[in-house]
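Take a look at the structure set out below.
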Amino acid sequence: MIFKGTAFSSRDHQNIDILEDHLFCISANGVIEQIVAPEEAEYKELINEYSRQNRLQEYEKGQYILPGFVDLHVHAPQWAQAGTALDLPLYDWLNTYTFPLEAKFSDLTFAEEVYTDLVRELIKNGTTTALYFATVHRSASQKLAEICSTLGQRGLVGKVVMDAPDENPDYYRDASAQEALAETELFIQEVLALNEKTPQGVYPVVTPRFIPSCSDEALTGLGTLAKKYDVHIQSHCSESDWAHTFVQERFGKNDAFALNDFGLITEKAVMAHCGFLSEADMQLFAEKGTAVAHCPISNAYFGNAVTPMAKLLRTYQVEAGLGSDISGGFSPSLFDNIKQAVMSSRMLEDGVDSTCCSEQRGTPNARITINEAFYLATAGGGDSLSLPIGKIAVGYAWDAQIIDVQATTAKLPIFSETEALVDIFQKILYLAQPANICEVWIQGRKVHQNRTRKLEV
Ligand code: GUN
Ligand code: FE
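Numbering that gives the first Met the number 0 puts the first residue of the sequence shown at 0, with every later residue one more than the last.
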């Protein structure tokens, strides 16, 4: 199969490649095999040959190819409460809203209903890979992996571990550390088996909810399991004054070093939030290849700080991507999180208290650009997961969202035939809605189609 169109893709943190009217040749297993520019000798020949075979898909004027988004932090069960209770602080939100909701996922019928709706919604929003927290329940977590497998999304799924009797409600926790570990191991084996039948991949993830919710025994055992099966790891790290201080009081160190003592800071680990990382924590992440999942919308509510993404990316070269953190973040859209990542970083740089003089108000050099935020949502996410995704480049999966800037119900404000592609790219990132996403592809398979142009009558 060959696609013909104009694509935008990150070359590195700061720069975008614009591939105008290129051909993208996709192998039978959904990988980009070759990219051909109009000036190359075989360009015309390939078009003729593939169009004769009916294997050429040519995008229209006004349609653009973006890599599918990689959402590095989603609480799948919390989709059922997205947009609610955000006026509460983290601790109260967890105990009064979130834990009672997550407990309901012992009911597989309810789990299937919510998870199916969420995976569809994320795909509609251009998210082709997601790193999920499910709940403590193994069967419902397995159900989420099956739904990703069936609907065609690349899913990385964790059965949540939270066994500490004093920190979790009796109605919603693992019965013991031993049981949490046995269930996690079984879950890993089940998902590894499911992955064998899933072209786009589904992966099990070792998932201690956060340090406060886990016993030392559970954390030790999870580090051992992650090593034994060489699987991904995810947790919350240095999120909020409360969680960060709790860990310092328990271990006399920050989350990063405490998790490292348990073997949970690895190349395949993704840590959400990270608003309170010290310089030493950042250095540790860089050395270990551990990634930060930046959740800018959620952090505006629960984080108590803006994660210093410019420093993580530029000074420490820490791997990083974006997370919606549904439902700490209300939006299923990484377009929304791209915008918020830029805006939060600008407020960090300028500072926000006008009674403080401008020299002391902010944090110098903290802003990130729209290109950097796009990188986080795409190539940075792929790098964080150590998977060949998030770029329109040879050797990467054909995970793509096709954006129609002329969608009848969501036309973008483009009034010139000759508008620069770099400006169109920025308008897409700031203004595109799900109504602009006309197709979504994952591993070479079309998983979503949306008629964006209504026939005129
Ligand atoms: N810390 C522990 N659990 C959670 C959660 O579900 N959401 C967020 N944002 N932080 C957490
Ligand atoms: Fe979270």
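Yeah, the Cβ is synthetic: ideal placement off N, Cα and C, and Gly gets one too. The structure displayed is predicted, hence computed values, not measured ones.
For the ligand GUN, I want to know if H21 counts as a neighbour, meaning its beta carbon is within less than 6 Å of at least one of the ligand's heavy atoms.
What you label residue 21 is simply residue 22 of the sequence shown in a count that begins at 1. No, the ligand GUN has no heavy atom inside 6 Å of this Cβ.
On the premise that W397 lies in contact with V30, defined as a C-beta separation below 8 Å, what is that separation, rounded to the nearest angstrom?
Translated into the one-based positions of the sequence shown, residue 30 becomes position 31. Translated into the one-based positions of the sequence shown, residue 397 becomes position 398. For a cut-off of 8 Å, the C-beta gap from V30 to W397 is around 7 Å, short enough to register as a contact.
Spell out the partners DSSP gives Y131 in its beta bridges.
In the sequence shown, residue 131 corresponds to position 132, counting from 1. V73, V156.
Return helix, strand or coil for G151, following the three-state DSSP convention.
By one-based count along the sequence shown, residue 151 stands at place 152. DSSP places G151 in coil when its eight states are reduced to three.
So what does DSSP say about L312, is it helix, strand or coil?
Translated into positions along the sequence shown, residue 312 becomes position 313. L312: helix per DSSP, three-state reduction.
For a quick check, are the C-beta atoms of H235 and F209 less than 7 Å apart?
Residue numbering aside, residue 235 sits at position 236 when the sequence shown is read from its first letter. Residue numbering aside, residue 209 sits at position 210 when the sequence shown is read from its first letter. Note that the C-beta distance between H235 and F209 is below 7 Å.
Here's the rule: buried if 16 or more other CB atoms are within 10 angstroms of the residue's CB, otherwise exposed. What is N298?
As a position in the sequence shown, residue 298 is number 299, starting the count at 1. Buried, since its Cβ has 16 or more Cβ neighbours within 10 Å.
CA nearest to the CA of P211, picked from Q432, M161, G302:
Taking the sequence shown and counting its residues from 1, the one referred to as residue 211 is at position 212. The shortest C-alpha separation from P211 is found at M161.
Residue of W78, H21, R54 minimising C-alpha distance to I325
Taking the sequence shown and counting its residues from 1, one reaches residue 325 at position 326. Answer by Cα proximity: W78.
At a cut-off of 6 Å, is G327 close to the ligand GTP when judged by its beta-carbon and the heavy atoms of the ligand?
Among the ligands present in this structure, namely the ligand GUN and the ligand FE, the ligand GTP is not found.
With a CB to CB cut of under 7 Å and the five nearest residues on each side skipped, what residues in its chain are close to F352?
Along the sequence shown, read from residue 1 onward, the residue named residue 352 stands at position 353. Note on identity: in this sequence residue 352 is Asp, with Phe being the wrong assignment. These residues qualify, in order along the chain: R360.
I'd like to confirm something about H74: is its beta-carbon nearer than 6 Å to some heavy atom of the ligand GUN, or not?
Looking up residue 74 in the sequence shown gives position 75. Under cutoff, so the answer is yes.
In this structure, does DSSP put P412 in helix, strand or coil?
Indexing the sequence shown from 1 puts residue 412 at position 413. The answer is coil: DSSP assigns P412 none of H, G, I, E or B.
Spell out the partners DSSP gives A469 in its beta bridges.
What is shown of the chain runs 0 to 456, which leaves residue 469 out entirely.
Does Y374 come out as helix, strand or coil in the three-state DSSP assignment?
Position 375 of the sequence shown, counted from the first residue, corresponds to residue 374. Correct three-state label for Y374: helix.
Could you compute how far the alpha carbon of G82 sits from the alpha carbon of Q33?
Within the sequence shown, numbered from 1, the residue matching residue 82 stands at position 83. Within the sequence shown, numbered from 1, the residue matching residue 33 stands at position 34. Between G82 and Q33, the C-alpha separation is close to 42 Å.
From the DSSP output, read off the bridge partner residues of M0.
What you label residue 0 is simply residue 1 of the sequence shown in a count that begins at 1. According to DSSP, M0 bridges with nothing at all.
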